[in-house]
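Numbering (my numbering), first residue to last: 2 to 264. For glycine and all other residues, C-beta sits at the position ideal for the given N, C-alpha and C. Model, not experiment: these values are computed from the prediction. The structure appears right after this line, and notes come after that.
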């Protein structure tokens, strides 16, 4: 048996976008037991230009990760044959690649176990591509090795989805993680509300309170414990700005777009 042989079309149909060659590693491997749900998700990812392959159980997911080397893996929970948590553990051990787990109420327990096993994020199932696409951008930017962001006393690892403030770990939901990342990439600069909603939700027509709530949650998390020396300031009628007090240890930003780091 040749592990590099092309997978059966019935389980791994691969949309090609923007002229992507079929031999190119997919950006995403989707392991989704519901074939109709998988087909809908694949169509949406393909429309967004994301190369994706799909399978329908955990055992096949492990085979395809080894054969196809995707940029990220999305596991639907509950996952048959081999569960999401075990797949996450084995992927991390044998073929390290970021794992996202998607679940509804029936898969919440398995998704929680997958997070404990090393999954980097938990998203809703049925899948919302507008939630997952920014996450994939963070995981697979450039050569897949997005650099650490350091602004003031905040350290953010885009690839591993970890945030530390003065050595203290912050557990942030996906959207709040992406919000903090965007503000760090644009530290010391005013970022308008419309820019944030377009970058994180893919639309300018967002309910006005949604962004405010997410900003408040991230701000409160930064204040926990000893608290960060950095703050998210609201500029009335204009937007938000991440700034750090002069007493902060100077931060730097590594291999990330945007302006110079906080002073």
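C-alpha gap between residue i and residue j, whole angstroms
{"i": "residue 227", "j": "residue 156", "result": "15 Å"}
{"i": "residue 121", "j": "residue 39", "result": "21 Å"}
{"i": "residue 42", "j": "residue 83", "result": "21 Å"}
{"i": "residue 168", "j": "residue 87", "result": "29 Å"}
{"i": "residue 53", "j": "residue 90", "result": "22 Å"}
{"i": "residue 164", "j": "residue 151", "result": "10 Å"}
{"i": "residue 106", "j": "residue 115", "result": "15 Å"}
{"i": "residue 32", "j": "residue 81", "result": "10 Å"}
Three-state class that DSSP yields for residue i in the structure shown
{"i": "residue 163", "result": "strand"}
{"i": "residue 83", "result": "coil"}
{"i": "residue 39", "result": "helix"}
{"i": "residue 2", "result": "With a pLDDT of 36 at residue 2, under the threshold of 50, the modelled position of that residue is not reliable, and the figure given next carries that caveat. In this structure, residue 2 counts as coil in the three-state DSSP scheme."}
{"i": "residue 158", "result": "strand"}
{"i": "residue 244", "result": "strand"}
{"i": "residue 137", "result": "helix"}
{"i": "residue 123", "result": "strand"}
{"i": "residue 235", "result": "strand"}
{"i": "residue 73", "result": "strand"}
{"i": "residue 23", "result": "Caution applies to residue 23, whose pLDDT of 38 falls short of 50 and renders its modelled position unreliable; the model cannot decide the point."}
{"i": "residue 175", "result": "helix"}
{"i": "residue 62", "result": "helix"}
{"i": "residue 105", "result": "coil"}
Residue closest to residue i, alpha-carbon to alpha-carbon, out of the options
{"i": "residue 209", "options": "198, 178 and 222", "result": "198"}
{"i": "residue 242", "options": "183, 68 and 225", "result": "183"}
{"i": "residue 194", "options": "150, 179 and 239", "result": "239"}
{"i": "residue 185", "options": "75, 125 and 244", "result": "244"}
{"i": "residue 159", "options": "67, 34 and 99", "result": "99"}
{"i": "residue 170", "options": "225, 132 and 220", "result": "225"}
{"i": "residue 212", "options": "75, 149, 180 and 76", "result": "180"}
{"i": "residue 119", "options": "108, 217 and 92", "result": "92"}
Close Cβ partners of residue i (< 6 Å) along its chain, the five nearest in sequence each way excluded
{"i": "residue 246", "result": "230"}
Residues near residue i by beta carbon distance below 7 Å, same chain, minus five either side
{"i": "residue 1", "result": "Past the boundaries of the shown model lies residue 1; the chain is included only from 2 to 264, so the question cannot be answered."}
{"i": "residue 202", "result": "131"}
Beta-carbon contacts of residue i that lie in its chain and below 8 Å, excluding the five residues immediately before and after
{"i": "residue 132", "result": "124, 125, 175 and 176"}
{"i": "residue 36", "result": "57"}
What residue ranges within the stretch 186 to 213 form continuous alpha helix (DSSP H) runs of no fewer than 4 residues, ordered along the chain?
-> 194 to 202
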